[in-house]
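A.B. asks: Dropping a structure here in structure tokens format, bear with me for questions.
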Amino acid sequence: GQNIDQPTEMTATEGAIVQINCTYQTSGFNGLFWYQQHAGEAPTFLSYNVLDGLEEKGRFSSFLSRSKGYSYLLLKELQMKDSASYLCAVGAQKLVFGQGTRLTINP
Amino acid sequence: ETGVTQSPTHLIKTRGQQVTLRCSSQSGHNTVSWYQQALGQGPQFIFQYYREEENGRGNFPPRFSGLQFPNYSSELNVNALELDDSALYLCASSPRQGDNSPLHFGNGTRLTVT
């Protein structure tokens with residue numbers, strides 16, 4: 029089976045940096061995705077990691093350690109619009125999602 | 019480029035009824051997946067359709083069924099609705115079956131069962 033854990037809620041301040049962690053246990057591994065989901069909207073793709081290391085894309089970066097079953101999403105220069113849920117998911121197209129981390133940005 | 023569109027956006031049904039949800043995949047995408055997202059939870063994989071056939075299924079009972087049409091659009095049908103079926107139902111399409119291309123999600127159908 030597959031199990032994914034991420035914190036339920038996090039709070040950060042506008043302009044700061046926040047790291048959202050995700051740990052997973054899978055019987056096989058095809059890659060790890062991060063999605064952003066604003067309330068009432070569709071999840072949108074942020075990043076994909078299949079090899080160990082850091083992938084940087086503008087203000088967002090994602091890290092993967094396959095040996096540790098661990099990933100994190102790093103958000104820099106936080107903006108109010110970054111308030112959303114962040115979903116960690118493993119698999120290929122038949123994704124297994126964590127419960128999501130609701131991030132609140134305060135001014 | 020047209021994204022993934024779902025209809026209706028909201029729906030209220032009574033326990034025991036049947037419901038059909040519809041999805042048009044993004045242009046050029048031949049694979050469609052359906053997910054159920056309960057409030058405060060991450061999406062759960064229901065099933066995937068490729069070339070008009072079911073191609074993988076999650077832990078959902080047979081009263082959850084689907085179809086894919088030659089134009090790659092899809093339907094999700096749920097029979098004998100239960101209160102726990104209340105959720106956001108998300109459709110996602112991808113350009114190719116089996117690879118690691120990101121899923122493109124629609125805005126979902128919010129189903130309430132009373």
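So the protein sequences, as listed, match chains V and C. When you read off a place in the first sequence, starting at 1, and then add 28, the result is the number in my numbering. When you read off a place in the second sequence, starting at 1, and then add 18, the result is the number in my numbering. Where a beta carbon is used, it is the ideal one built from N, C-alpha and C, also for glycine. Remember, it's a predicted structure, so these values are computed and weren't measured experimentally.
Using a beta-carbon distance below 8 Å, is Phe123(C) in contact with chain V?
C.D. replies: Closer than 8 Å: yes.
A.B. asks: Of the residues that make up the stretch 35-59 of chain C, which ones have a beta carbon closer than 7 Å to any beta carbon in chain V?
C.D. replies: Hits within the stretch, in order: Thr49, Ser51, Gln59.
A.B. asks: State the beta-bridge partners of Arg75(C) as determined by DSSP.
C.D. replies: Arg75(C) is bridged to Phe65(C).
A.B. asks: From the DSSP output, in three-state form, read off Gln80(V) for me.
C.D. replies: The residue asked about is misnamed: residue 80(V) is Asp in this sequence, not Gln. Coil at Asp80(V), not helix or strand.
A.B. asks: Is the beta carbon of Leu74(V) closer than 8 Å to that of Asn81(V)?
C.D. replies: The residue asked about is misnamed: residue 81(V) is Gly in this sequence, not Asn. No; because the gap between Cβ atoms is not below 8 Å, this pair is not in contact.
A.B. asks: Given this structure, state the Cα-to-Cα distance separating Arg94(V) from Leu99(C), to the nearest angstrom.
C.D. replies: About 40 Å.
A.B. asks: Have a look at Asn118(C), Gln44(C), Gln35(C) and flag the residue whose alpha-carbon is nearest the alpha-carbon of Asp103(C).
C.D. replies: When only C-alpha atoms are compared, the closest one is Gln35(C).
A.B. asks: Taking 8 Å as the cut-off, decide whether the C-beta atoms of Arg123(V) and Ala40(V) are in contact.
C.D. replies: At residue 123(V) the sequence reads Leu, which differs from the Arg that was named. Against a cut-off of 8 Å, the Cβ pair of Ala40(V) and Leu123(V) comes out as no contact.
A.B. asks: Residues of the stretch 100-122 of chain V with a CB closer than 9 Å to any CB of chain C: list them in chain order, please.
C.D. replies: Hits within the stretch, in order: Ser113, Leu115, Cys116, Ala117, Gly119, Ala120, Gln121, Lys122.
A.B. asks: Taking Cβ positions, are Glu69(V) and Asn77(V) nearer each other than 8 Å?
C.D. replies: Against a cut-off of 8 Å, the Cβ pair of Asn77(V) and Glu69(V) comes out as no contact.
A.B. asks: Keeping to the same chain, check which residues put their C-beta closer than 6 Å to that of Ser111(C); ignore five residues upstream and five downstream.
C.D. replies: If we look at Ser111(C) and ignore the five residues flanking it on each side, its Cβ neighbours are Val22, Ser43, Gln44, His47, Val50, His122.
A.B. asks: State buried or exposed for Ser55(V), treating a residue as buried only when at least 16 other CB atoms are found within 10 Å of its CB.
C.D. replies: So Ser55(V) ends up on the exposed side.
A.B. asks: Any idea what DSSP makes of Leu57(C), helix, strand or coil?
C.D. replies: Leu57(C): coil per DSSP, three-state reduction.
A.B. asks: Does the CB of Gln66(C) have a neighbour CB from chain V at under 8 Å?
C.D. replies: Chain V contact via Cβ: present.
A.B. asks: Using only alpha-carbon positions, find the residue among Lys85(V), Ile32(V), Glu42(V), Ser89(V) that is nearest to Pro61(C).
C.D. replies: Minimum Cα distance to Pro61(C) is reached at Ile32(V).
A.B. asks: Regarding Gln44(C) and the ligand FMN, is the C-beta to nearest heavy atom distance less than 7 Å?
C.D. replies: Among the ligands in the structure shown, none appear at all, so the ligand FMN cannot be discussed.
A.B. asks: Whose C-beta lies closer than 7 Å to the C-beta of Ala105(C) among residues of the same chain, with five residues either side of it excluded?
C.D. replies: Within the same chain, Ala105(C) has close Cβ partners Gln54, Gln55, Ala56, Leu129.
A.B. asks: What is the DSSP secondary structure of Lys122(V), counted as helix, strand or coil?
C.D. replies: Coil, per DSSP.
A.B. asks: What is the residue span of the beta strand (DSSP E) that Ser104(C) lies within?
C.D. replies: Counting along the chain, Ser104(C) falls outside any beta strand (DSSP E), and DSSP gives it neither H nor E.
A.B. asks: Taking the CB atoms as reference points, tell me whether Ala112(V) and Gln65(V) lie closer together than 8 Å.
C.D. replies: Closer than 8 Å, so yes.
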